[in-house]
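Per my numbering, the sequence shown starts with residue 45, numbered consecutively. From the three backbone atoms N, C-alpha and C, an ideal C-beta is built for every residue, glycine too. Since the structure comes first, as structure tokens, the remarks are kept for the end.
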Amino acid sequence: MSVNPLFKVILHPFIKESIASLKAMTNLTGVAGDPFMDKVEDFRFKGYAVCSDVTGSLDGVIMMHHYPETAIAIGNSVCQNMFNETYAFDAINDDLRNALAEWGNTIVGRSTDLHSRHKLEYGFSSPYFVEDLTEMDKYLVGVKQVITVPIMVEGIGRYYFNLLIRDVVEQVANVDIDAQSIDVENTHTTPLPLTSTVLVVDDSAMIRKAISRFLNNLGYHNVIEADDGIGAIEAVKAGKVDFIFMDVVMTRLNGDAALAELRNMGSQVPVVMLSSVTDNILVKQCQKHGISGFIFKPINANNGAETIAKYLKIAAAVAI
């Protein structure tokens with residue numbers, strides 16, 4: 045049975061972004077196989093899964109899932125690429141969960157943003173993660189079709205994308221599914237002194253750790269952290285903060301809302317936003333409140349210090 049072109053359009057950005065993020069965040073190479081119809085009654089979950097609910101014209105779930113050994117290998121590679129250290133965990137732990145969560149968030153964020161920019165009549169929930177196989181059967185309730193795409197990872201194994209479809213309203217999907225991301229001009233103009241206090245705001249402990257390391261390598265040792273927008277506001281109120289790197293999508297308060305509140309408070313501290321979502325509207329909203337740049341994830345050990353240095357207007361050679 046052939047696969048409906050609409051389903052290919054829905055899946056394509058996820059597959060494309062997962063292969064790109066795999067290369068950028070792990071230095072591993074992935075190749076996608078052809079999409080095919082899985083039999084619902086024969087479908088089996090492999091293990092660790094990143095899921096996003098699909099709503100609107102399509103009711104279902106898009107799922108990227110792995111055999112545990114594949115998830116472990118990819119998680120180790122994400123950690124190694126982020127911190128330039130050898131990781132060899134043999135079971136899923138908090139470090140690997142954080143690494144896989146960051147990889148999954150990057151993929152889903154970039155993919156769903158591409159869909160939203162085409163104003164298609166379906167949307168996606170924030171990604172969530174499932175490790176317990178006993179919890180996964182509930183996702184098959186009411187499912188009428190399953191579309192599967194395997195991704196082969198050189199030297200590792202494979203993972204899968206599945207589109208679990210409960211109901212769908214047909215629509216014409218005549219879109220450019222290879223649209224490019226946007227770029228943002230860096231408005232920060234003067235070098236930031238190495239004695240400055242830099243605040244790193246992200247709900248991912250892994251990203252906070254990585255950016256703090258990049259800053260340390262560049263000579264900035266007065267680095268403080270917050271895990272959401274409320275923490276950022278509290279840090280600015282509590283004392284002197286000279287520069288902020290802040291994620292957009294976070295748990296209690298998003299970075300764009302925190303940025304607006306900081307400006308309402310009268311704070312003009314330079315802020316560089318971080319996000320895996322390349323949304324023109326979001327970027328313009330942040331620019332209205334005054335930002336000193338916008339970094340699109342992923343960042344890793346190969347490009348992290350150089351990327352950070354560019355926004356601080358200092359020479360990346362300081363890290364050497």
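The ligand COA heavy atom lying under 7 Å from the CB of ASN120: In terms of ligand content, the structure shown is empty, and the ligand COA therefore cannot be addressed.
Classify GLY104: buried if its beta carbon has 16 or more other beta carbons within 10 angstroms, exposed otherwise. buried
Provide the residue(s) that pair with ARG88 in DSSP beta bridges, ordered along the chain. The partner list for ARG88 (beta bridge, DSSP) is empty, contrary to what the question assumes.
Can you tell me whether GLN312 is helix, strand or coil according to DSSP? Coil, per DSSP.
Compute the beta-carbon to beta-carbon distance between SER62 and ILE136, rounded to the nearest angstrom, for a pair I have assumed lies under 8 Å. Contact flag wrong, Cβ pair sits at about 19 Å.
Close Cβ partners of ARG210 (< 7 Å) along its chain, the five nearest in sequence each way excluded: Excluding positions up to five away in sequence, the list reads ASP103, GLY104, GLY186, VAL187 and LYS188.
Among SER248, VAL313, VAL122 and THR99, which residue has its Cα nearest to the Cα of THR156? Ranking SER248, VAL313, VAL122 and THR99 by Cα distance to THR156 puts THR99 first.
Which same chain residues end up closer than 6 Å to LEU66 when comparing Cβ atoms and leaving out the 5 residues on each side of it in sequence? Correct list, in chain order: LEU72 and GLY74.
Residue ranges of each beta strand (DSSP E) within the segment 84-134, 3 or longer: 93-100 and 102-110
Going by other Cβ atoms of all chains shown within 10 Å of its Cβ, with 16 needed for buried, is MET309 buried or exposed? Here MET309 is exposed: its Cβ has fewer than 16 other Cβ atoms, across all protein chains shown, within 10 Å.
Name the two residues that bound the continuous beta strand (DSSP E) containing TYR264. First-last for TYR264: undefined, no H or E at that position.
From the DSSP output, in three-state form, read off LYS354 for me. helix
If we count Cβ pairs, one from each stretch, closer than 8 Å, do we get three or more for the segment 240-260 versus the segment 286-293? yes
Please classify ALA93 as buried or exposed, where buried requires at least 16 neighbouring CB atoms within 10 angstroms. buried
Measuring CA to CA, which of ALA115, VAL174 and GLY148 is closest to SER28? The first residue shown for the chain is 45 and the last is 364, placing residue 28 beyond what the model contains.
Simplified DSSP assignment, three categories, for THR241: Strand at THR241.
Would TYR183 and LEU207 qualify as a contact pair, given that the criterion is a beta-carbon distance under 8 Å? Annotated as distal: TYR183 and LEU207, with beta-carbon spacing of 8 Å or more.
Compute the Euclidean distance between the alpha carbons of LYS354 and LEU55, then round it to the nearest angstrom. 35 Å
I believe VAL2 touches ILE335 by the beta-carbon criterion, under 8 Å. Please report the beta-carbon distance rounded to the nearest angstrom. Only positions 45 to 364 of the chain appear in the structure, and residue 2 is not among them; the question remains open.
What separation, rounded to the nearest whole angstrom, lies between the Cα atoms of TYR131 and LEU259? 22 Å
Within a Cβ cutoff of 6 Å, which residues of the same chain sit near MET107, ignoring the five residues on either side of it in sequence? Answer for MET107: ALA93, CYS95 and ASN206, listed in chain order.
Three-state secondary structure (DSSP) at ALA270? Strand at ALA270.
Please report how far the alpha carbon of ILE191 lies from the alpha carbon of VAL293, in whole angstroms. 29 Å
Could you check where the beta strand (DSSP E) with ALA76 kicks off and where it finishes? 74-76
What separation, rounded to the nearest whole angstrom, lies between the Cα atoms of ASP220 and VAL53? The pLDDT assigned to ASP220 is 43, lower than 50, so where the model puts this residue is not dependable; a value taken from the coordinates is nonetheless given after this. Near 9 Å, if we compare the C-alpha coordinates of VAL53 and ASP220.
When you compare only the Cα positions, how much space is there between VAL84 and ALA145? 27 Å
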